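Residue numbering for the sequence shown follows the UniProt record's numbering, starting at 1 and increasing by one per position.
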Amino acid sequence: MHADECGLASARLTDVPLIQISQTPGLSDDDKRRTIEAVTAAYAEATGKNPASVWVTITEIPRASWGVGGAPLT
């Protein structure tokens, strides 16, 4: 998709909502697609932003790279 197709041609990049999701690996491609669709819809509804301007990324981080309470998740 080109910038002009999602309303970004004249918008400053600072005006573009970027939602970043970090999680452990395991989501299927279908799970990721549904998550991106749901997060985009919820954000657009809550803020009144055009859903086409909302960017969502899902980053899978290995469990050994997460820590809670001073200990890794693995």
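Each residue gets a CB set at the ideal place from its N, CA and C atoms; glycine is no exception.
The model shown is predicted, which means the values in this text are computed figures rather than measured ones.
Contacting residues, own chain, Cβ-Cβ under 8 angstroms from residue i (five flanking each side not counted)
{"i": "G26", "result": "E60"}
C-alpha gap between residue i and residue j, whole angstroms
{"i": "P72", "j": "Q23", "result": "14 angstroms"}
{"i": "A46", "j": "S28", "result": "27 angstroms"}
{"i": "V56", "j": "V68", "result": "25 angstroms"}
{"i": "E37", "j": "D30", "result": "11 angstroms"}
{"i": "V54", "j": "T74", "result": "33 angstroms"}
{"i": "A70", "j": "P62", "result": "Reading off the sequence, residue 70 comes out as Gly, not Ala. About 16 angstroms."}
{"i": "R33", "j": "W66", "result": "24 angstroms"}
{"i": "K49", "j": "I19", "result": "13 angstroms"}
Proximal residues to residue i (C-beta, below 7 angstroms), its chain only, five neighbours per side dropped
{"i": "P51", "result": "T40, A41, A44"}
Member of the options whose CA lies at the smallest distance from the CA of residue i
{"i": "I21", "options": "S53, I58, P62", "result": "I58"}
Counterpart residues of residue i in DSSP-defined beta bridges
{"i": "V60", "result": "First, the amino acid is wrong: residue 60 is Glu here, not Val. Answer by DSSP bridge pairing, in chain order: Q23."}
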